[in-house]
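Same order as they appear, the protein sequences are chains A and B. Per our numbering, residue 1 is the first one in the first sequence, and the count goes up by one each step. Per our numbering, residue 1001 is the first one in the second sequence, and the count goes up by one each step.
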Amino acid sequence: MFDYTFQWKQVLARLPKMLDGAMVTMEVAVLSMLIGIVLAIVLTVMRRSGSRPLAAFATTWVEVARNTPALFQIYMAHFGIASFGIHFSPFTSLLIGITFNNAGYLAENFRGALKAIPETQTRAGRSLGMTSSQSFRFIILPQMLRIAFLPMTNQMVWAILMTSLGVTVGMNTDLYGVTQDLNALTFRTFELFAIAGVIFYIITKVITLGARLAAARLFRY
Amino acid sequence: MIEIQNVRKSFGQLEVLKGIDLNVAKGEVVTVIGGSGSGKSTLLTCINGLEPIDSGKIIVDGTEVHAKSTDLNKLRQKIGIVFQQWNAFPHLTVLENVTLAPRKVLGMSKADAEAIAEKQLKHVGLGDKLSTHPTRLSGGQQQRMAIARALAMSPDYMLFDEVTSALDPQLVGEVLETLKMLAEEGMTMILVTHEMSFARDVSDRVAFFHQGIMAEIGAPEQIFGDPQHEETQKFLASVR
Ligand SMILES: Nc1ncnc2c1ncn2[C@@H]1O[C@H](COP(=O)(O)OP(=O)(O)OP(=O)(O)O)[C@@H](O)[C@H]1O
Ligand SMILES: [Mg+2]
């Protein structure tokens, strides 16, 4: 009934390959976060701009990112866009999909963070002769990023986990993709995915703990 | 010189300023007193152009504040303002709070801005708090920091809106001392305050506001000793 013999040795020999995959996973997650943060700031500025078309564009982005499956977003970035004759590599499609998702969620986090900053902060900046853009950049933005810091680390964890969806668009160099290929080669399903799971867990834990330490150092106020 | 000429201002249906006339000469200290909602804060935020006006004119050193062609960012450099609360930028140290505008608005070098900031912070008694975050300061210290921050722009005018009314009673004195020092140094100031004995002490003239009208203005001895307007009498009786 239970005649599966564990063969950890054979699988552990593949660990270096999996760790290479983990590096690609991190690369996608980090890039998608960096670009996602910049885009989320742009979306936030659009929503505050007072221009209806810009605000509508940003709101649509946020709504789609938050209310459709991440899988759909990655799929659209690959196969959806391919229908228009634009072909991205699996890596690029995965990056676009996750970045789109990150930007939407982060923009919503930023909106919440902005509500916690009193209007008088902008007034104080303007009173000192700053333009509205200077007040935003030097006074509002740093406080917003600080308030949204923990939600941002959550999103980073989420970005790591979302990379596993890359296999659906043919991604095979990230941790999940590598694991799946090795599985097809060796059929050591339980061992391989167990190790992949542990690696995912360690990465996300390190990020969460690192972020907490960084926050304590960065935000002493 | 600040010239306020027949200024009217409404928020929706509510007319908050109903034709205010007031001239403040260089070096003069004018305090504004009056009941809650009488339009005192609104007047100050109109003077530095944070709020638009409906009619009339405010002219600062010959520049009409609300004219389309006026560069408000430039004008504000010479009008410092300190509010009742939430003045401090919590993500910056005390020193950075003060150097921010000189650096970004005036384009000063870091070293120059820091020299000025240190001088102003020492001036208000915060010379030992340069690298502290304002959240670690008492309310009174935060207000003095906000004063130093405004002074670092070398303004010609200072506007103060009830800068002591959010403070614990024992912290009021230190901030009033700072204001008094500025007045004695010849700074041109318009102060909104509920501290009557301070107003009497420091002002060249005291203006009493009532429901959007400047009901009475005069020397402190006259306003406090011999108020002419019925509403002034009522108000002073209520705060005594
Ligand atoms: N941004 C605003 N929008 C709408 N109404 C406002 C706004 N600011 C002030 N008001 C209203 O205008 C009136 C005058 O307000 P203002 O703050 O100038 O009074 P004040 O004399 O400073 O009162 P206080 O002593 O309570 O500070 C009040 O009725 C207030 O509710
Ligand atoms: Mg007020």
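Backbone N, C-alpha and C define an ideal beta-carbon position, used for all residues, glycine too. From a predicted model like this one, the values you see are computed outputs, not experimental measurements.
Cβ of residue i within 8 Å of any chain A Cβ
i, result
"Ile1081 (chain B)", "yes"
"Arg1144 (chain B)", "no"
"Phe1089 (chain B)", "yes"
"Val1105 (chain B)", "yes"
"Ala1067 (chain B)", "no"
"Met1153 (chain B)", "yes"
In DSSP terms, what residue i is bridged to
i, result
"Thr1253 (chain B)", "Residue numbering for chain B in the displayed model covers 1001 to 1240; residue 1253 (chain B) lies beyond these limits and cannot be assessed."
"Phe1142 (chain B)", "According to the sequence shown, residue 1142 (chain B) is Gln rather than Phe. Looking at the DSSP assignment, Gln1142 (chain B) forms no beta bridge with any residue, so it has no partner."
"Val1030 (chain B)", "B:Ile1190, B:Arg1205"
"His1210 (chain B)", "B:Ile1213"
"Ile1081 (chain B)", "B:Leu1159"
"Gly1218 (chain B)", "B:Val1206"
"Arg1008 (chain B)", "B:Lys1018, B:Ser1055"
"Glu1003 (chain B)", "B:Asn1023, B:Ile1059"
Residue i: CB within 7 Å of a non-hydrogen atom of ligand 2
i, result
"Glu1162 (chain B)", "yes"
"Val1192 (chain B)", "yes"
Any non-hydrogen atom of ligand 1 closer than 7 Å to residue i Cβ
i, result
"Phe1011 (chain B)", "yes"
"Val1007 (chain B)", "no"
"Phe72 (chain A)", "no"
"Phe1209 (chain B)", "yes"
"Val1016 (chain B)", "yes"
"Gly1049 (chain B)", "no"
"Ser1238 (chain B)", "no"
"Ser127 (chain A)", "no"
"Gly1037 (chain B)", "yes"
"Gly1056 (chain B)", "no"
Cutoff 8 Å: residue i Cβ touching any chain B Cβ
i, result
"Leu128 (chain A)", "yes"
"Gln143 (chain A)", "yes"
"Arg111 (chain A)", "no"
"Arg212 (chain A)", "no"
"Thr44 (chain A)", "no"
"Arg123 (chain A)", "yes"
"Pro151 (chain A)", "no"
"Arg217 (chain A)", "no"
"Arg146 (chain A)", "yes"
Proximal chain A residues relative to residue i, where beta-carbon distance stays under 8 Å
i, result
"Gln1228 (chain B)", "Per Cβ cutoff of 8 Å: no residues; Gln1228 (chain B) is ~34 Å from chain A at best."
"Asn1241 (chain B)", "The structure shown has nothing for residue 1241 (chain B), since chain B only spans 1001 to 1240."
"Arg1076 (chain B)", "Arg126, Ser127, Leu128, Gly129"
Contact test: residue i Cβ vs ligand 4 heavy atom, cutoff 7 Å
i, result
"Lys1040 (chain B)", "The ligand content of the structure shown is limited to ligand 1 and ligand 2, which means ligand 4 is not among them."
Interface residues of chain B facing residue i [CB-CB closer than 7 Å]
i, result
"Thr131 (chain A)", "Asn1073"
"Pro118 (chain A)", "Trp1086"
Listed by chain order, chain A residues near residue i by CB distance under 7 Å
i, result
"Leu1100 (chain B)", "Phe138"
Residue i: contacting residues in chain B (beta-carbon distance under 8 Å)
i, result
"Gln134 (chain A)", "Lys1104, Val1105"
Completely contained beta strand (DSSP E) runs for the segment 1037-1063 of chain B, where each covers 3 or more residues: Contiguous beta strand (DSSP E) elements confined to the segment 1037-1063 of chain B occur at 1055-1060, taking only those with 3 or more residues.
Can you list the alpha helix (DSSP H) stretches of 4 or more residues lying completely in the segment 43-82 of chain A, in chain order? Counting only runs of 4 or more, we get 52-67, 70-75.
Can you list the beta strand (DSSP E) stretches of 3 or more residues lying completely in the segment 145-221 of chain A, in chain order? none
Enumerate, from N- to C-terminal direction, the unbroken alpha helix (DSSP H) stretches of 4 or more residues contained entirely within the segment 1099-1139 of chain B. DSSP runs (the alpha helix (DSSP H)) wholly in the segment 1099-1139 of chain B: 1110-1123.
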